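In this text, residue positions in the sequence shown follow the working numbering: the first is 63, and each later residue adds one.
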Amino acid sequence: MDSSVSHRGLQGPWRRVLFVSLYELIAIAAASLLFIAVGQRPMESGVMSVIASTLAVAWNVTFNHLFERWEMRQSVKGRSVARRVAHALGFEGGLALMLIPLMAWWFGVGLWQATLMEAGLLVFFLLYTYVFNWGFDRIFGLPASAQALAASS
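Written as structure tokens, this is what we have:
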């Protein structure tokens, strides 16, 4: 399927619900395996992955709401590279501030080891997010916002 070809595909709220559900289910399984790979027990790894996923979704909604409220008050509109970098760092930094102490406590490890685990997750999720988005768009079509406008007849 050529991504330059305009096709309707799955759109609207159902697209977002399916996207988040699939993304998080795969993320929970992958994060569990990553925790197990670094020596954590399977049950604790699975529970931590579910907790981290829940926190990530809640933080995503909260952070984006706050960021967009801040963004509305800015005199310069649009999303420059600097603003996108600030958004990414703010989101990931906030999530790390929640997850690092939680992982240290949950797994009974030091903050440094928990920071290394979080860094590993960050690298994994950077790659996973790219591949997941590409695959999702290939299977379900591009969202309307990314589709070329149909030629007027």
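We put the beta carbon where it would ideally sit given N, CA and C, even for glycine. Nothing here was measured: the structure is a model prediction, and the numbers come from that model.
Beta carbon of residue i nearer than 8 angstroms to that of residue j
i	j	result
V119	V82	yes
L72	G203	yes
L87	W121	no
L117	M165	no
H149	F129	yes
G182	L96	yes
S94	S111	yes
Distance between beta carbons of residue j and residue i, contact taken as under 8 angstroms
i	j	result
E180	I162	5 angstroms
Among the options, nearest to residue i - alpha-carbon criterion
i	options	result
G155	I90, T177, L204 and V193	T177
Y192	L72, P75 and A89	A89
F187	M105, P75, A114 and Q102	A114
Residue i, enclosing alpha helix (DSSP H) - first and last residue
i	result
R77	G74 to A99
- Secondary structure, alpha helix (DSSP H): runs of 4+ residues fully inside the segment 126-196: 143-169
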